[in-house]
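Asks: The following block contains the structure, expressed as structure tokens.
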Amino acid sequence: MSGIEEAPDAWRKWQEELRWSAEHALEYPPEGLLAYSCAVVPGSRRAFLKAHFSQAPSEDAIDAIQAVESEVAAYLPDDFELETEVEVVPAGSAPRLLPALAFAAPPAA
37 MSGIEEAPDA WRKWQEELRW SAEHALEYPP EGLLAYSCAV VPGSRRAFLK
87 AHFSQAPSED AIDAIQAVES EVAAYLPDDF ELETEVEVVP AGSAPRLLPA
137 LAFAAPPAA
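Numbering (the numbering used here), first residue to last: 37 to 145.
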């Protein structure tokens, strides 16, 4: 057996790899991005990425988020399923974050 099936806690390694690769890919975050969170489903080869925007993202922002997904996928084994969701966070609300935070915009001054 390999990877996740070998040890019940192996998903933690993939969780950190997912978070790190998303953080690395977001060196230049798109405009309006409040946060970027991610999660690996324990005991599986399934991962979720979530981009949290302060307003409806522009076409350029969507392209940037798709590029992040592609870069993250390059760090994971080929058999991982990766799904990205975009959330527009209403003013005054908190984003619905996944367990691992790869990016958080600095608070507005």
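Note that CB positions come from ideal geometry on N, CA and C, so glycine has one too.
Rounding to the nearest angstrom, what Cα-Cα distance links P93 and A87 in this structure?
Replies: In a straight line, the C-alpha of P93 is about 10 Å away from that of A87.
Asks: Just to confirm the assignment, what range does the alpha helix (DSSP H) spanning E110 have?
Replies: This sequence places Ala at residue 110; Glu is not what is there. Counting along the chain, the alpha helix (DSSP H) containing A110 begins and ends at 95-111.
Asks: Mapping the DSSP letters down to three states, classify S80 as helix, strand or coil.
Replies: Residue state, collapsed to three classes: coil.
Asks: Taking 8 Å as the cut-off, decide whether the C-beta atoms of V108 and L118 are in contact.
Replies: Their beta carbons are under 8 Å apart, which means V108 touches L118 by this criterion.
Asks: Let's see if you can read the secondary structure: which residues bound the alpha helix (DSSP H) around E63?
Replies: Note, E63: premise wrong, no alpha helix (DSSP H); not H, not E.
Asks: Expressed to the nearest angstrom, what Euclidean distance is found between the alpha-carbon atoms of L137 and A127?
Replies: So the alpha carbons of these two residues sit roughly 20 Å apart.
Asks: Relative to the alpha-carbon of Q91, which residue among A141, A110, G68 has its alpha-carbon at the smallest distance?
Replies: Out of A141, A110, G68, G68 has the C-alpha closest to the C-alpha of Q91.
Asks: Distance, Cα to Cα, L133 vs R48?
Replies: In a straight line, the C-alpha of L133 is about 17 Å away from that of R48.
Asks: So what's E41 in DSSP terms, helix, strand or just coil?
Replies: Any reading at E41 needs caution, since the residue's pLDDT is 49, under 50, leaving its predicted position unreliable; the model's value is listed next. It is helical.
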